[in-house]
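Protein chains: 2
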Amino acid sequence: MKALLDKIRRGDRRSLGRAMSLVDQTGDQARALQDHLRQSTGQVPWWGFTGPPGVGKSTLIDALLTRLRERQQRVGVVAIDPTSPTSDGALLGDRVRMMRHAIDPDVFIRSLATHHREGGLSDAAIHCARLLEVGNFDPVLIETVGVGQNEVDIASVADICVAMLGPGYGDDIQLIKAGLLQVADIVVVNKCDLPEATRLLKEVREELEFDSSTDGGDEVRPPERRCVGIEAKTGRGVEELVDQLLALDAAARTAERRHHYARRRFRGEVSRSVLQAFEQALERELNEARTDDLLARLDRSEISFDAVVAELNAQALAKAPGEAPGK
Amino acid sequence: MKALLDKIRRGDRRSLGRAMSLVDQTGDQARALQDHLRQSTGQVPWWGFTGPPGVGKSTLIDALLTRLRERQQRVGVVAIDPTSPTSDGALLGDRVRMMRHAIDPDVFIRSLATHHREGGLSDAAIHCARLLEVGNFDPVLIETVGVGQNEVDIASVADICVAMLGPGYGDDIQLIKAGLLQVADIVVVNKCDLPEATRLLKEVREELEFDSSTDGGDEVRPPERRCVGIEAKTGRGVEELVDQLLALDAAARTAERRHHYARRRFRGEVSRSVLQAFEQALERELNEARTDDLLARLDRSEISFDAVVAELNAQALAKAPGEAPGK
Numbered sequence: 231m232k233a234l235l236d237k238i239r240r241g242d243r244r245s246l247g248r249a250m251s252l253v254d255q256t257g258d259q260a261r262a263l264q265d266h267l268r269q270s271t272g273q274v275p276w277w278g279f280t281g282p283p284g285v286g287k288s289t290l291i292d293a294l295l296t297r298l299r300e301r302q303q304r305v306g307v308v309a310i311d312p313t314s315p316t317s318d319g320a321l322l323g324d325r326v327r328m329m330r331h332a333i334d335p336d337v338f339i340r341s342l343a344t345h346h347r348e349g350g351l352s353d354a355a356i357h358c359a360r361l362l363e364v365g366n367f368d369p370v371l372i373e374t375v376g377v378g379q380n381e382v383d384i385a386s387v388a389d390i391c392v393a394m395l396g397p398g399y400g401d402d403i404q405l406i407k408a409g410l411l412q413v414a415d416i417v418v419v420n421k422c423d424l425p426e427a428t429r430l431l432k433e434v435r436e437e438l439e440f441d442s443s444t445d446g447g448d449e450v451r452p453p454e455r456r457c458v459g460i461e462a463k464t465g466r467g468v469e470e471l472v473d474q475l476l477a478l479d480a481a482a483r484t485a486e487r488r489h490h491y492a493r494r495r496f497r498g499e500v501s502r503s504v505l506q507a508f509e510q511a512l513e514r515e516l517n518e519a520r521t522d523d524l525l526a527r528l529d530r531s532e533i534s535f536d537a538v539v540a541e542l543n544a545q546a547l548a549k550a551p552g553e554a555p556g557k
Numbered sequence: 231m232k233a234l235l236d237k238i239r240r241g242d243r244r245s246l247g248r249a250m251s252l253v254d255q256t257g258d259q260a261r262a263l264q265d266h267l268r269q270s271t272g273q274v275p276w277w278g279f280t281g282p283p284g285v286g287k288s289t290l291i292d293a294l295l296t297r298l299r300e301r302q303q304r305v306g307v308v309a310i311d312p313t314s315p316t317s318d319g320a321l322l323g324d325r326v327r328m329m330r331h332a333i334d335p336d337v338f339i340r341s342l343a344t345h346h347r348e349g350g351l352s353d354a355a356i357h358c359a360r361l362l363e364v365g366n367f368d369p370v371l372i373e374t375v376g377v378g379q380n381e382v383d384i385a386s387v388a389d390i391c392v393a394m395l396g397p398g399y400g401d402d403i404q405l406i407k408a409g410l411l412q413v414a415d416i417v418v419v420n421k422c423d424l425p426e427a428t429r430l431l432k433e434v435r436e437e438l439e440f441d442s443s444t445d446g447g448d449e450v451r452p453p454e455r456r457c458v459g460i461e462a463k464t465g466r467g468v469e470e471l472v473d474q475l476l477a478l479d480a481a482a483r484t485a486e487r488r489h490h491y492a493r494r495r496f497r498g499e500v501s502r503s504v505l506q507a508f509e510q511a512l513e514r515e516l517n518e519a520r521t522d523d524l525l526a527r528l529d530r531s532e533i534s535f536d537a538v539v540a541e542l543n544a545q546a547l548a549k550a551p552g553e554a555p556g557k
């Protein structure tokens with residue numbers, strides 16, 4: 231493992247790719263690598279990009295890559311890959327454009343196939359981002375499509391969260407906007423050549439202003455969240471966005487902020503793992519025959535729903551793995 | 231409670247609205263009502279509608295309401311309301327159009343504000359759908375915006391799941407398509423006046439054909455899932471869709487299918503409640519100081535990540551409520 235990590239540190243792209251495949255497996259080797267990465271990384275801010283489907287995330291990241299390379303940054307990207315095996319390829323233009331940067335030795339793009347239909351971030355994405363840190367990529371960009379809650383919420387993983395909005399979502403834009411404004415450090419409104427986007431930009435600015443005047447909550451969220459209007463395709467507004475991102479990035483490098491993010495990521499990882507173990511125990515407990523029995527007792531008013539929940543809770547608890555598997 | 235339910239059965243809309251507010255609360259009265267609804271409903275198929283933001287769900291439901299009313303159906307609708315308090319109203323045209331049906335005594339539309347930013351289905355939506363059954367609305371339509379996993383997955387709640395797709399989502403359409411095809415009984419491609427939608431329709435048809443030839447899984451999913459191309463705004467294709475929905479609806483009324491759906495809904499409700507109780511116990515356990523301590527031990531290699539998970543699992547288990555809180 232040490233040899234592999236040394237190679238990655240020296241810039242060996244093949245080793246980096248191999249480690250990214252290894253770290254997503256389940257054996258002892260993968261676990262040892264994961265634990266090592268948890269300890270040895272966390273100094274590089276991660277920039278998360280999220281927004282509804284079709285808003286232009288890949289196009290924006292493509293534009294950012296060009297500008298960050300002009301400023302001599304080595305950039306790593308973790309992207310959730312929406313490629314379906316039956317796609318005809320014609321629709322994948324945006325992603326193809328971004329991938330042209332992949333031949334640049336100072337850019338590394340990892341497309342992760344989605345394991346689940348949610349299309350969200352997985353633990354695999356977190357491991358890959360850590361490996362990019364080992365390979366001296368800085369910053370690390372993570373792209374994820376978002377409307378509902380993703381499997382792992384980008385906002386709890388990224389140090390800087392960029393939320394993208396744009397025209398063309400009808401009434402649903404209100405729902406998207408409400409969700410994204412809660413987690414965004416920077417709101418980017420794309421396709422600002424269109425009137426609907428201009429109106430959206432105005433709305434978001436008003437809401438952010440209102441929000442910052444009443445908000446006294448999270449101490450690490452920047453006091454003034456910004457909203458930038460861009461045209462990702464032509465690059466208009468992207469330079470301003472890069473400046474703002476780099477300013478946030480610099481602010482995220484204090485010891486206090488690093489500790490905050492390390493704790494948050496670790497806590498998220500632990501929670502997910504513990505919950506998953508419990509959920510599996512519950513699934514085993516709540517099999518078909520058992521469900522039918524409980525349902526019948528409920529129908530005969532022999533038991534209340536609350537009592538069903540309490541009963542299952544006690545039984546799943548008794549059977550969930552509570553012993554350390556080693557160590 | 232009996233008096234309230236009797237009024238709802240006789241068509242008193244105000245009582246129905248009051249019960250919908252009551253059932254979402256936490257007291258004994260709400261719990262008793264929930265338990266009663268669990269036992270006394272489940273005979274009416276629920277039609278779920280999901281799809282990415284802006285695909286035209288409200289517009290389709292508006293068109294369906296018109297046609298179902300022509301066929302003398304009394305229709306109930308549960309819609310997740312994306313209205314944000316600062317919206318200027320101008321964007322809410324689709325929803326407003328749908329709401330014009332709300333003055334029809336044989337239509338009842340309940341807009342549920344989203345409690346969480348996910349915008350998904352909540353337990354409240356399930357309770358409301360059950361109350362619509364009590365009020366003799368048949369069928370019950372449930373609308374939810376979907377890309378990621380919703381808080382409660384529409385596919386596990388609805389008897390018939392309609393997935394909507396359309397043009398304008400760039401590469402992300404592959405991800406959306408892959409997710410929705412897994413849960414849909416009927417795939418609706420909207421905006422079929424646009425060339426991108428026509429291509430999408432062709433793609434979906436090919437995938438469904440391929441899928442049905444290899445699939446031997448779920449016994450209750452109709453053997454041939456259909457794909458219908460429509461223009462929700464002009465109504466083109468909607469009549470064909472209504473025919474197909476009513477055919478599926480009729481098929482969903484056998485005793486076997488009713489039992490299947492009752493079990494699935496109940497199981498989902500139980501799982502969510504048990505998991506929630508456990509998650510709260512875990513949250514209390516995994517407080518800030520505790521996280522810092524574990525993180526420090528991990529950094530000093532005194533403990534592995536797996537051991538952290540096992541330790542927390544055991545402790546959260548010990549503290550989760552395992553006793554019945556009264557029948």
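For the protein sequence lines, the chains are A and B, in the order given. The working numbering applies: residue 231 is where the first sequence begins, and numbers increase by one. The working numbering applies: residue 231 is where the second sequence begins, and numbers increase by one. No residue lacks a Cβ here, since even glycine has one placed at the ideal position from N, Cα and C. Computed from a prediction, not measured in an experiment: that's the story for all the values here.
Nonlocal neighbours in the same chain, by C-beta distance under 8 Å from residue i, ignoring five residues either side
i, result
"A/F535", "L528"
"A/A260", "L252, V253, D254"
"A/G241", "P335, G365, N366"
"B/R239", "V364, G365, N366"
"A/Q264", "V253, H357"
Interface residues of chain B facing residue i [CB-CB closer than 7 Å]
i, result
"A/Q259", "Per Cβ cutoff of 7 Å: no residues; A/Q259 is ~13 Å from chain B at best."
"A/V419", "Those do not exist, as A/V419 stays about 14 Å from chain B at its closest Cβ, beyond 7 Å."
"A/V538", "V500"
"A/I406", "P283"
Secondary structure of residue i, DSSP reduced to three states
i, result
"A/C457", "strand"
"A/V450", "For A/V450, the pLDDT reaches just 45, beneath the cut-off of 50, and the residue's location in the model is therefore unreliable, leaving the point undetermined."
"A/D401", "coil"
"A/A462", "coil"
"B/F367", "coil"
"A/V417", "strand"
"B/V274", "coil"
"A/S209", "A question about residue 209 of chain A goes unanswered here, because the residues of chain A that appear run from 231 up to 557."
"B/I533", "coil"
"B/C422", "coil"
"A/G257", "coil"
"B/A482", "coil"
"A/E393", "In the sequence under discussion, the amino acid at residue 393 of chain A is Ala, which differs from the Glu named in the question. Residue state, collapsed to three classes: strand."
"B/V307", "strand"
"A/G281", "strand"
Cβ-based neighbour list, residue i, same chain, cut-off 6 Å, excluding 5 preceding and 5 following
i, result
"A/V308", "R340, A355, C358, A359, I372"
"B/L273", "The sequence as given places Gln at residue 273 of chain B; Leu does not occur at that position. So the list is empty, once near-sequence residues are dropped."
"A/G459", "V419, C422, L431, G467"
"A/A537", "none"
"B/G409", "none"
"A/G278", "I372, I384, A388, C391"
Within chain A, the residues that residue i reaches when beta carbons sit closer than 7 Å
i, result
"B/E509", "L505"
"B/A546", "V504"
Partners in chain B for residue i, counting only beta-carbon separations shorter than 8 Å
i, result
"A/T521", "R493, F496, R497, V500"
"A/L528", "D265, R268, Q269, F496"
"A/S288", "G400, D401"
Interface partners of residue i on chain A, CB under 9 Å
i, result
"B/P282", "P282, P283, G284, V377, Y399, D402"
"B/R340", "Going along chain A, no residue has its Cβ under 9 Å from B/R340, so there is no contact; the nearest lies around 16 Å."
"B/L516", "R497, V500, S501, V504"
Close-in-space but distant-in-sequence residues of the same chain around residue i (CB under 7 Å, 5 per side omitted)
i, result
"A/M329", "I339"
"A/E515", "L542, Q545, A546, K549"
"A/L424", "P397"
"A/C457", "V417, V419, L431, V434, R435, L438"
C-beta contact flag for residue i and residue j at 8 Å
i, j, result
"A/S503", "B/V539", "yes"
"A/W276", "A/V370", "yes"
"B/L525", "A/R493", "yes"
"B/T280", "B/I390", "no"
"A/L295", "A/H331", "yes"
"A/R297", "A/E470", "no"
"B/S245", "B/K232", "no"
"B/G498", "B/S386", "yes"
Where residue i meets chain A, residues with beta-carbon distance less than 8 Å
i, result
"B/F367", "Residues of chain A passing the Cβ test: none, with the nearest at roughly 22 Å."
Would you call the stretch 519 to 533 of chain A in contact with the stretch 415 to 423 of chain A, where contact means no fewer than 3 C-beta pairs closer than 8 Å? no
Should the stretch 282 to 302 of chain A be regarded as contacting the stretch 400 to 408 of chain B, the criterion being three or more beta carbon pairs within less than 8 Å? yes
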